[in-house]
Amino acid sequence: MHDRLESNHIQFRRHPRARRYLLRVDAGGKVMVTLPRWGTKKEAMKFVQEQSDWIKGQRRERVESGNREPWEFGSKVLWRGKFYPLLEGSQHNCPTVVWGEHEFRIADRNMNLRRPIEVYLRSIAQNELPIRTKVLAEIHGIVFHRVSVRGQSTRWGSCSAKGTISLNWRLVQVPEEVRDYVILHELMHRREMNHSRKFWALVESVCPRYREYDQWLDDNVSLIGL
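Numbering (my numbering), first residue to last: 981 to 1206.
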């Protein structure tokens, strides 16, 4: 049973070009609902209640993000299993962050760099993780429905009974072989929806070093921010 969300914590707006109901949770945790031209507030509230678990997760993520230590120039951030410092750069008099092989613009040299870095990492994950999942699934003859890239606060991935693979965007920060282990772990749930001995035997058959990679995740989870 979902906890009901109070309507006074929800803001509704209608958009003539919207094709469906849309949800967004702002930095303060307020729920913003966009209605299509033909939509009704009653149907919008029903949609909100159906998405209450997602909304709570988004609110929790906003709070955690706000409470985490800020990143500034000199901070070291994990990428592909290695730490790289955030360095100051410039492009045509615009402030930028140089991070390993990456460089991108920021609004202010004095801002908390965590937000733009995490947005950047998410964009990479949204493109990379579904592609890698498809490749590994084809190699091992696994069929799945789709891949969802999210910001889960307590897990690296999951697999639903309908075949949706959910992966944490922070997987782009871990070593590539560890990333692949997490993906293979979830893909093997398409054959065994449990953590039985049979399931772990399947995992070991496609990833013989899975215990080592699982230990890496346990040892480094606090460094990543999960």
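In this text, a Cβ means the ideal position worked out from N, Cα and C, and glycines have one as well.
*asked:* Looking at the strands, I want to know which residues DSSP matches up with Q991.
replied: Taking the first residue of the sequence shown as position 1, residue 991 is located at position 11. Paired residue(s): M1012.
_Complete alpha helix (DSSP H) runs within the region 1150-1177 (minimum length 4 residues, chain order)_ = 1156-1168
*Residue ranges of each beta strand (DSSP E) within the region 1051-1091, 3 or longer*: 1056-1059, 1062-1071, 1074-1079 and 1082-1085
*Cutoff 6 Å; reference A1105; Cβ partners in own chain excluding five residues on either side*: Position 125 of the sequence shown, counted from the start, is the residue given in the question as residue 1105. Hits under 6 Å: V1129, W1149 and V1152.
*asked:* Taking 8 Å as the cut-off, does the region 1092-1106 touch the region 1134-1142 (at least 3 CB pairs, one atom from each stretch)?
replied: no
*Proximity of I1163 and R1126 at Cβ, strictly below 9 Å*: Numbered from 1 along the sequence shown, position 183 holds the residue referred to as residue 1163. Numbered from 1 along the sequence shown, position 146 holds the residue referred to as residue 1126. Not closer than 9 Å, so no.
_Bridge partners - I1145, DSSP secondary structure assignment_ = By 1-based counting over the sequence shown, the position of residue 1145 is 165. Here I1145 is bridged, per DSSP, to V1127 and C1139.
*Tell whether a beta-carbon distance below 9 Å holds between E1184 and Y1190.*
Position 204 of the sequence shown, counted from the start, is the residue given in the question as residue 1184. Position 210 of the sequence shown, counted from the start, is the residue given in the question as residue 1190. Yes, they are a contact pair.
*asked:* On the DSSP letters alone, give me the boundaries of the beta strand (DSSP E) that L1093 sits inside.
replied: For the purposes of this step, residue 1093 is identified with residue 113 of the sequence shown, where counting begins at 1. It is not in any beta strand (DSSP E) - L1093 carries neither H nor E in the DSSP assignment.
*Determine the contact status of R1177 and C1139, defining contact as a CB-CB distance below 9 Å.*
Your numbering for residue 1177 matches position 197 in the sequence shown. Your numbering for residue 1139 matches position 159 in the sequence shown. Cβ distance not < 9 Å, so R1177 and C1139 don't count as in contact.
*Name the residue from D1088, C1074, M1091 and W1059 whose alpha carbon lies nearest to the alpha carbon of H1082.*
The residue given as residue 1082 occupies position 102 in the sequence shown. Residue W1059 is the option with its Cα nearest to H1082.
*Starting from R1004, trace the beta strand (DSSP E) both ways and give me its first and last residue.*
Locating residue 1004 in the sequence shown gives position 24, counting from the first residue. Looking at the DSSP string, the run of the beta strand (DSSP E) that includes R1004 is L1002 to V1005.
*Report yes if the CB atom of L1093 is closer than 9 Å to the CB atom of V1077, and no otherwise.*
Within the sequence shown, numbered from 1, the residue matching residue 1093 stands at position 113. Within the sequence shown, numbered from 1, the residue matching residue 1077 stands at position 97. Taking 9 Å as the Cβ cut-off, L1093 and V1077 qualify as a contacting pair.
*Under 9 Å, do M1012 and Q1029 count as touching if we go by C-beta distance?*
Translated into the one-based positions of the sequence shown, residue 1012 becomes position 32. Translated into the one-based positions of the sequence shown, residue 1029 becomes position 49. In terms of Cβ geometry, M1012 and Q1029 do not form a close pair [threshold 9 Å].
*Going by other Cβ atoms of all chains shown within 10 Å of its Cβ, with 16 needed for buried, is L1067 buried or exposed?*
Residue numbering aside, residue 1067 sits at position 87 when the sequence shown is read from its first letter. Under this definition L1067 is an exposed residue.
*Do you know offhand how far E1049's Cα is from R1017's?*
Along the sequence shown, one-based indexing puts residue 1049 at 69. Along the sequence shown, one-based indexing puts residue 1017 at 37. Those two C-alpha atoms are separated by around 42 Å.
_Which same chain residues end up closer than 8 Å to F1027 when comparing Cβ atoms and leaving out the 5 residues on each side of it in sequence?_
Walking along the sequence shown from the start, residue 1027 turns up at place 47. Cβ neighbours of F1027 beyond the five flanking positions: Y1001, L1003 and V1013.
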